[in-house]
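S.K.:
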Amino acid sequence: MSRHKGFTLIEVLIVVAILAIMTAIAWPGYARHIVKARRTEAQLALVDAMQRQEQYRAQHHRYLAFSSGANDPASRDFPWHLGTRPEKSAYEIDGYACEGQDIRHCIVLRARPGTERVDARFRDPDCGVLTFDSTGTQGASGAGPRCWP
Numbered sequence: 109m110s111r112h113k114g115f116t117l118i119e120v121l122i123v124v125a126i127l128a129i130m131t132a133i134a135w136p137g138y139a140r141h142i143v144k145a146r147r148t149e150a151q152l153a154l155v156d157a158m159q160r161q162e163q164y165r166a167q168h169h170r171y172l173a174f175s176s177g178a179n180d181p182a183s184r185d186f187p188w189h190l191g192t193r194p195e196k197s198a199y200e201i202d203g204y205a206c207e208g209q210d211i212r213h214c215i216v217l218r219a220r221p222g223t224e225r226v227d228a229r230f231r232d233p234d235c236g237v238l239t240f241d242s243t244g245t246q247g248a249s250g251a252g253p254r255c256w257p
């Protein structure tokens, strides 16, 4: 009597079912981790951009508004996306005058997740748009528990 070595279809289906259950349990945690990592990257980019804005203000006695569509050559010192390519970036960054104030005295930097100019699939449902202004105020459009550390 010869016995074949290998797996039965039932055994393979059981293993596949176990893997599917484990993936279903792990995926939400992994997705939250990715969003949090990208959010931290945006926060660091805002802090870096604010440092560059303070250097610019020290030399020119005003802040510089910038965005992805800015034509001012000086605005090239302020990247509007994270990383090397816009399509890989989760956030689009821009800077504008604080509400009711002149750009000479106050600037707000904003990181918007998943715009049409960056990875439009990315979403940050907890925090949404991150802001950081020249007075040091950090904000977020969402109501997440810890949008800034």
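Under our numbering, residues 109 to 257 are what the sequence shown spells out, in order.
Heads up, the beta-carbon is just placed ideally off N, CA and C, and yes, glycines get one too.
This structure is a prediction, so every number in the text was calculated from the model and none was measured.
(1) Go ahead and pull the three-state DSSP assignment for residue 189.
(2) Run through the DSSP bridge pairs and tell me what residue 216 is partnered with.
(3) If you follow the alpha helix (DSSP H) that residue 161 is part of, which residue opens it and which one closes it?
(4) Distance check for residue 163 and residue 177, CA to CA, integer angstroms please.
(5) What first and last residue would you give for the beta strand (DSSP E) that runs through residue 247?
(6) From the beta carbon of residue 212, is the nearest beta carbon of chain B less than 8 Å away?
M.R.: Concretely, from the data shown:
(1) strand
(2) 204 and 241
(3) 117 to 168
(4) 22 Å
(5) 246 to 248
(6) Looking for chain B here will not work: only one protein chain is present.
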